Structures are given as structure tokens and as C-alpha cells.
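According to our numbering, the sequence shown is numbered sequentially starting from 22.
Have a look at the structure below, then the notes.
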Amino acid sequence: MPGGARRAVLDHQPPDRRAMEEEMLTKTQSVDGAAIKKAIEGRDGRMLASFYADDALVRVIDRNNPPSKPREIRGRAAISTFWDDICSRAMTHKVDTTIADGDNLAFTQACVYPDGTKVFCAAMLELKNGRIARQTVVQAWDE
22 MPGGARRAVL DHQPPDRRAM EEEMLTKTQS VDGAAIKKAI EGRDGRMLAS FYADDALVRV
82 IDRNNPPSKP REIRGRAAIS TFWDDICSRA MTHKVDTTIA DGDNLAFTQA CVYPDGTKVF
142 CAAMLELKNG RIARQTVVQA WDE
């Protein structure tokens, strides 16, 4: 390779590696039960966020957010913040059951905080073009 061409290649370094990894993950990671299980049990909020469509909606129903007024988290950026918070907590997560039917995926999840407090979650996901478009989460915890 002539010196000028080699220098042009060296001068053209790729952008930030993390940004490239995030872009690759976002483009290539498919949503299925195994991927959900791996990301949740690995407490990988970044991977979880990559599963969602840009305009996705997550609804959370629990004691503080009843069915008549669920918590709504809209858009991948807000959903990413939601998962970062969940994954940063000192707790274990275990996905027990996953069921797929066409463009629908459901799973149950059991979590335990270090003090022994338990949380149970059932989630229903609607997929569109291989991404999560809508998710409904119903959760209960020890009090």
C-alpha cells in the first residue's frame, strides 16, 4: 500500500468503540425468550433496551400503578432509563417461564433482594418487525 493510502487508512479511525458496539447490538440482537432471559438474568440494561422499537410503550401494573392508571414508559430512551434502574439494583433475577406465539412473547420473572424481599413479575410483549412495540408488566412484591 503506498504511503499516502496507508496514512489515509490510519487517519480514518472508527468512532468511539462503545457507540459502535451499541449500534451493532441494536441492529443485530433479536428478541426471543433466550435473549430476554440472558439480558434479565445478566442485569444487562443496555441489551434489554436494544430489544425495543424507538416508539415502544411499556405499561407497569402493580400496587402503586393500578390497571385504571398504569405507569407508562414511552420511547426507547425512557425504557433504557427504566431498565438501567432495575438492573442497577442489588437483586437477583430469574426468568422462569417463556412462551412465544407469533408476534407475542410472555415470560415470568422472580426476583429477590439481599434482605429476602421477593418480587414476581409477569410480562406480555407484542413484537413488531422483530422489536418490542408494547409490553405490559404485572408485578407484586413482599411487603
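Built from N, CA and C at the ideal position, the CB exists for glycine as well.
A quick note: this is a predicted structure, and the numbers were derived from the prediction, not measured.
Would a C-beta distance cut-off of 8 angstroms place residue i and residue j closer than the cut-off?
i   : j    : result
R97 : D124 : no
I94 : I100 : yes
G54 : A121 : yes
So, is residue i buried or exposed, given that buried needs 16 or more other C-beta atoms within 10 angstroms?
i    : result
S51  : exposed
G151 : exposed
G24  : In this predicted model, G24 has a pLDDT of only 49, less than 50, meaning its place in the structure is not dependable; the value taken from the coordinates is given anyway. Looking at its Cβ environment, which holds fewer than 16 other Cβ atoms inside 10 Å, G24 is exposed.
T138 : exposed
G66  : buried
A70  : buried
Determine the closest residue to residue i out of the options, with distance taken between C-alpha atoms.
i    : options                   : result
V159 : G137, D106, F141 and K59  : F141
Q130 : N86, T119 and D106        : T119
A60  : Y134, K115, T138 and A144 : K115
A56  : R155, L126, D136 and E164 : L126
E164 : Y73, A121, L78 and D83    : D83
M112 : S71, D136 and P91         : D136
Y134 : R110, L146, Q156 and L148 : R110
E147 : N86, G63, L78 and R64     : L78
E62  : F128, W162, P87 and T157  : F128
A161 : P87, F103, R64 and Y73    : P87
T157 : K90, D105, D117 and C132  : K90
D105 : A154, M68 and K58         : M68
D58  : K149, R155, T102 and C132 : A small correction: the amino acid at residue 58 is Lys; Asp does not occupy that position in the sequence shown. Among K149, R155, T102 and C132, the Cα nearest to that of K58 belongs to C132.
Just curious, the beta strand (DSSP E) that residue i is in, first and last residue?
i    : result
D75  : Y73 to I82
K139 : K139 to K149
K115 : T113 to D122
E93  : R92 to R95
N125 : N125 to V133
Going by DSSP, what residues sit across from residue i in a beta bridge?
i    : result
R110 : Partner(s): none; R110 has no beta bridge.
A55  : Per DSSP, none; premise fails for A55.
R152 : K149
T157 : R80 and M145
W104 : Beta-bridge pairing links W104 to no other residue.
N86  : D83
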